[in-house]
Amino acid sequence: MKIRIDLRKTLRSGDREFALAIGFEVEHERTVVFGPSGSGKSVTLQCIAGLLRPEAGRIEIGGRVLFDSAAGIDLPPQQRNVGFLFQDYALFPHLSVEANVGFGLHQRSGRGRERDIPGRVRRFLRQFEIEALAGSLPRDLSGGQRQRVALARALIREPALLLLDEPLSALDPLLRERVRVELLEVQGRFGVPMVVITHDPQDVEALADHLVVLDRGRVARSLPLRDAPGEARHRRVAATLADLYPLPGGA
Amino acid sequence: MLGQAIIPLALTLKVAAWATLAALLTGALMGCVLARYSFRGREVLDALCTLPMVMPPTVLGYYLIVLVGRRGWIGEWLWENFGISLMFTWQGAVVAATVVAFPLVFKSARAAFEGVDRQLENAARTLGASEARVLLRITLPLAWRGILAGTMLAFARAMGEFGATLMIAGNIPGRTQTLSLAVFDAVQAGQDDLANFLVIVTSVVCVLVLVGAGKLLRPRL
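Dropping the structure here:
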């Protein structure tokens, strides 16, 4: 599926100004947007989801235009059909795991499209191995369990695209490797394209079909990685990042 | 003595209940607006909304007479169009109690709405929830404890209202004489037994309300 992003946005914090001008086009299933903090990754993701509004530009996902300043198109987040996995998961603290996962289904139940909501929620709880937690509140879950609930909640709506905001940063380092494998497995099973933002080079190697590197609000590199498995991929990612972020006093 | 207490007590509860309801609706709405929208003069508006908490009740009562008195801006319009006057009625006492109780709801509602993580509301939006559903399913359930605690304080404050009520509704036994006014009358008339009884009734009700509010304000584990 083709994702075309072109957006401009100026952010102000105090008297500092930060101009974002991001443009990239990818056709792969797993895009990783990499960059140090303050490079504009998070803003880019929120613009795609419709949570922030760019000043100008165009966002197109699989031929569907979500935003086009020239044509006056700006779909609200509710209509974008884009799943969002928040960095701290943003589970609703007052709702049980089951109610969290089912939250997004009730909107579409209008014309009986989805009659058996409880059944569908149960199937998802089983698939993500969180059945036993159905009645628990988010505060009683571990980091890994929270992430599964958040993933199930986003995917149950069958989004056209899944956006993941630093999905591993809230986890214990020992857990990260396992969750990377889980993410890959889930992505494959649901066949949903995803855009992941991260500042961890290991995420890039493990997850990326396509790497987009951001630097101070611009795209510094856009690099396909699908044809480079294993060692070749490792060398390519390492070379790209070393080129962009040379060590002080460099080798 | 019980009979002498029951009429002002019933009137006090009626006035305080209506005033609390009015303060809840206006205070929660205002708190939500000030927590969610950033605009010029927001903090000035916040100060104006908090003013009744710190101003002498007699000054408030005077403002209210200017507004809703027979020749007041609103009062004249009410009288000419509907033949309604709030002066020396229990409804006038409700207006006075609402004004003094409003800041308590407003302050806690603003803090409660500001305490709701915006990210949760955004998460609900990406899950297809309309703005109304976001408010009803996410924002209000997460803010209601704070709002309710403020509302209970407002009820206690409305029950004890004296100065502004006296100025706008007067002190007419059986019609506008609330508990606090009845206490004043009893003391003035040297009826110490009645005063003691009324004071104890008032204190017990207020303590119950404050204990309830404290329970709601305590953070969840």
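Going down the list, the sequences are from chains A and B.
With the numbering used here, letter number 108 in the first sequence gets 108, and the count goes up by one each step, no holes.
With the numbering used here, letter number 136 in the second sequence gets 1136, and the count goes up by one each step, no holes.
Every residue, glycine too, gets a C-beta built ideally from N, C-alpha and C.
Here the structure is a predicted model, which is why all the values come from computation and not from measurement.
For B/G1190, no chain A residue has a Cβ inside 7 Å of its Cβ, as the nearest lies near 55 Å away. A straight-line Cα-Cα distance of about 16 Å links B/L1198 and B/T1176. Relative to A/R218, the option among A/D6, A/L52 and A/K2 whose CA is nearest is A/D6. Bridge partners of A/V26 according to DSSP: A/I3. Counting along the chain, B/M1167 sits inside the alpha helix (DSSP H) bounded by residues G1163 to A1169.
Between the alpha carbons of A/L51 and B/V1100 lies a distance of about 39 Å. In the DSSP secondary-structure assignment, A/G57 is bridged to A/L7. Our two residues, B/V1207 and B/G1031, have alpha carbons roughly 26 Å apart in a direct line.
Contact annotation: B/V1116 and B/A1124 have beta-carbon atoms that are not nearer than 8 Å.
Per DSSP, B/P1052 is one residue of the alpha helix (DSSP H) stretching across R1042 to V1054.
At the C-beta level, A/E98 and A/L125 come within 8 Å of one another. Pairing A/Q87 with A/A170 gives a Cβ-Cβ distance under 8 Å. Residue environment for A/R153: buried (at least 16 other C-beta atoms within 10 angstroms of its C-beta).
Where A/F67 is concerned, the enclosing beta strand (DSSP E) starts and stops at R64 to D68. The DSSP assignment places 1140-1159, 1163-1169 and 1179-1188 as complete runs of the alpha helix (DSSP H) inside the segment 1125-1192 of chain B, in order along the chain (cut-off: 4 residues).
Minimum Cα-Cα distance from B/F1102 among the listed residues B/T1058, B/G1069 and B/G1150 corresponds to B/G1150.
Taking a cut-off of 8 Å on C-beta distances, the segment 1031-1048 of chain B does not touch the segment 1060-1075 of chain B, as fewer than three cross pairs fall below it.
Annotation: A/L7 has no Cβ neighbours in chain B at a cutoff of 7 Å; minimum Cβ distance is about 18 Å. Pairing B/L1140 with A/T31, the inter-Cα distance amounts to about 37 Å.
Using beta-carbon distances, A/G143 does not count as an interface residue toward chain B, since no partner is under 8 Å. Contact holds between the segment 1103-1115 of chain B and the segment 1153-1163 of chain B, because three or more Cβ pairs, one in each stretch, are under 8 Å apart.
Closest in alpha carbon position to A/V101, among A/A71, A/N81 and A/L137, is A/L137. For the segment 26-55 of chain A, the beta-carbon criterion of a distance under 9 Å to any beta-carbon of chain B is satisfied by Q46, A49, G50 and L51. Listed in chain order, the positions of the segment 1115-1145 of chain B with a beta carbon within less than 8 Å of a beta carbon of chain A are D1117, Q1119, L1120, N1122, A1123, A1124, R1125, T1126, L1127, G1128, A1129, S1130, R1133, R1137, I1138, P1141 and L1142.
In the structure shown, B/M1030 falls within a helical segment according to DSSP collapsed to helix, strand and coil.
Within the segment 66-96 of chain A, the residues whose Cβ lies closer than 9 Å to any Cβ of chain B are, in chain order, P76, P77, Q78, Q79, R80, N81, V82, G83, F84, F86, Q87, D88, Y89, A90, L91, F92, P93, H94 and L95. Using a Cβ distance threshold of 8 Å, A/V196 and A/L151 do not count as a contacting pair.
At a beta-carbon threshold of 9 Å, none of the residues of chain B lie near A/R120; the nearest stands roughly 14 Å away. Measuring C-alpha to C-alpha distances from B/A1005 to each of B/A1158, B/V1201 and B/A1035 identifies B/V1201 as the nearest. Our two residues, A/V26 and B/G1041, have alpha carbons roughly 46 Å apart in a direct line. Taking a C-beta distance under 8 Å as the contact criterion, A/R8 and A/A56 qualify as a contact pair. Non-local beta-carbon contacts of A/D140 in its own chain, meaning distances under 7 Å to residues more than five positions away in sequence, are absent. Apart from sequence neighbours up to five positions away, the residues of its chain that approach B/F1088 with a beta-carbon distance below 7 Å are A1169, G1170, I1172 and T1176, ordered along the chain. Contacts between A/R153 and chain B, judged by CB atoms closer than 9 Å, involve A1123 and L1127 in chain order.
In the DSSP assignment, A/T198 falls within the beta strand (DSSP E) that extends over M194 to T198. The secondary-structure analysis by DSSP pairs A/A19 across a beta bridge with A/T10.
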